[in-house]
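Undergrad:
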Amino acid sequence: MQLSLLPKQATSKIARCLAGGLATATVLIGVSTAVVPAQASAAPASTQRIDGWIKHALLVMKAKGIPGSYDGIHRNLMRESSGDLFAINLWDSNAQKGIPSKGLMQVIDPTFRAYHVDGTSWDIYDPIANITAACNYAAQRYGSIDNVNGPY
Numbered sequence: 141m142q143l144s145l146l147p148k149q150a151t152s153k154i155a156r157c158l159a160g161g162l163a164t165a166t167v168l169i170g171v172s173t174a175v176v177p178a179q180a181s182a183a184p185a186s187t188q189r190i191d192g193w194i195k196h197a198l199l200v201m202k203a204k205g206i207p208g209s210y211d212g213i214h215r216n217l218m219r220e221s222s223g224d225l226f227a228i229n230l231w232d233s234n235a236q237k238g239i240p241s242k243g244l245m246q247v248i249d250p251t252f253r254a255y256h257v258d259g260t261s262w263d264i265y266d267p268i269a270n271i272t273a274a275c276n277y278a279a280q281r282y283g284s285i286d287n288v289n290g291p292y
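Residue numbering for the sequence shown follows our numbering, starting at 141 and increasing by one per position.
1. Out of curiosity, what's the CA-to-CA distance linking residue 285 and residue 276?
2. What does the Cβ neighbour count give for residue 266, buried or exposed, with the cut at 16 atoms within 10 Å?
3. Buried or exposed, going by whether 16 or more other CB atoms sit within 10 Å of the CB of residue 283?
4. How many angstroms separate the CA atom of residue 177 from the CA atom of residue 264?
5. So is residue 245 buried or exposed if we call it buried at 16+ other beta carbons inside 10 Å?
6. Evaluate residue 205 with the Cβ neighbour count: other Cβ atoms within 10 Å of its Cβ, from every protein chain shown; 16 or more gives buried, anything less gives exposed.
7. Let me check one thing: in DSSP terms, what residues is residue 200 bridge-paired to?
8. Excluding five sequence neighbours on each side, which residues of the same chain lie with their C-beta closer than 6 Å to the C-beta of residue 209?
9. Considering only DSSP beta bridges, list what residue 184 is partnered with.
10. Compute the minimum distance between the beta carbon of residue 232 and the heavy atoms of the ligand HEM, and state whether it is under 7 Å.
11. From this set, 233, 238, 212, 274, which residue's C-alpha is nearest residue 253's C-alpha?
12. Start and end of the alpha helix (DSSP H) containing residue 249?
13. Using CA coordinates, which residue listed in 290, 288, 289, 270 is at the minimum distance from residue 201?
14. Take residue 289 and list the residues in its own chain whose beta-carbon comes closer than 7 Å to its own, dropping the five residues that flank it on each side.
15. Who are the Cβ neighbours of residue 243 in its own chain at under 6 Å, not counting the five residues just before and after it?
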């Protein structure tokens, strides 16, 4: 779908949110399917994009009562993926079992499904969905993502 086919209000919101990534625009306008295909990078995202994703995830988390801070998310995100949206771990014990860790926060599929946050994408590589699911899991297991200082 081309952006010009959307209502002007939605197009305007998408344009303002693109710096924060497609997931930001998608959640803010309340659609459940992508309007523009996500760009595959296989490389760390810019500091500005990571900042936008974390801030958006924090808004979703606040609305859902999931604890966590910018610093806690950023610390774990950088340790787990260095900001690579499409990071995938093919060598650890999860990978050896056929369920590799994926995305910014290195979540395995069963954990992502179990701790998925309503209103976010079901795409494990979606930055907002990946961050919020990981933080939801960390909140249930450790009290908050802020309490995670190593692989979880």
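Quick reminder that beta carbons are idealized off the backbone N, C-alpha and C, glycines included.
TA: In brief:
1. 8 Å
2. buried
3. exposed
4. Interpretation of residue 177 is limited by its pLDDT of 34, a score under 50 that renders its predicted location unreliable; no figure is taken from the coordinates.
5. buried
6. exposed
7. Paired residues: none, contrary to the question.
8. 286
9. 224
10. Of the ligands one can find in the structure shown there are none, so the ligand HEM has no counterpart to examine.
11. 274
12. 249–255
13. 270
14. none
15. 264, 265, 270
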